[in-house]
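Q: Residue numbers (the working numbering): 2 to 194.
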Amino acid sequence: MIRTECLTGDAVAAVLDDLARLRIAVFRDWPYLYDGDLGYERDYLHAYQSPGAVVVAAWDGDRMVGAATGAPMEDHAGDFAAAFANRPERLDEIFYCAESVLLPDYRGHGLGHAFFDGREAQARALGRRYSAFCSVIRPEDHPLRPPAYRPLDGFWLKRGYAPLPGVVAGFDWKDIGESRSTRKSLQFWMKPL
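1. Where R22 and D142 are concerned, what is the direct C-alpha to C-alpha distance, given to the nearest angstrom?
2. DSSP on R4, reduced to helix/strand/coil?
3. Report yes if the CB atom of A72 is closer than 8 angstroms to the CB atom of S101, and no otherwise.
4. Could you say which of L17, G10, R29 and A14 lies nearest to L104 if we only look at CA atoms?
5. Out of L39, A48 and I138, which one is the CA nearest neighbour of K185?
6. Does D30 come out as helix, strand or coil in the three-state DSSP assignment?
7. Just checking my contact of A133 with I95 at CB under 8 angstroms: how many whole Å lie between their CB atoms?
8. Counting Cβ pairs closer than 8 angstroms, one from the segment 73-84 and one from the segment 163-173, do we hit at least three?
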């Protein structure tokens, strides 16, 4: 039986290593192709120790099998402020739904909805007016794209999110098989709460 829980405050720090391992495992696959390491992950995940952050964790017994994170957008302003520079929404009105990572054997059982429900509930509790996330943009003809890959656009649209035209951020990470980090483009999606 899979259980989910929304963690905030001190409870977040207790699961950051589990979350780091999940990010490394899940984001190694398409479309992220991330060649991660635990040291980088620990630095990156520090943002989720902010007062408004949430980790929605999925557990199979004592094993974390999935998680979704979120935090006030201003906690990520250094990375994403430029993408929103020409938007009418203020960063302090937006809740950023960051990663959703779920091991393959646990997909297709409604956990994606639980992840968004938990993050959107946190956003509303903080008085945010919008919920946003971003997804990596990869070319259709990328050589590592699996033939049976199905984008999640339909799922996101059903949840009320829509891509924001021209709201694209850049973020660096090292792809598998590469010797250094390169810039990736990330498309923002948003919905009113």
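Backbone N, C-alpha and C define an ideal beta-carbon position, used for all residues, glycine too.
All figures in this text were calculated on a predicted structure; none of them were measured in a lab.
A: Short version:
1. 29 angstroms
2. strand
3. no
4. R29
5. I138
6. coil
7. 5 angstroms
8. yes
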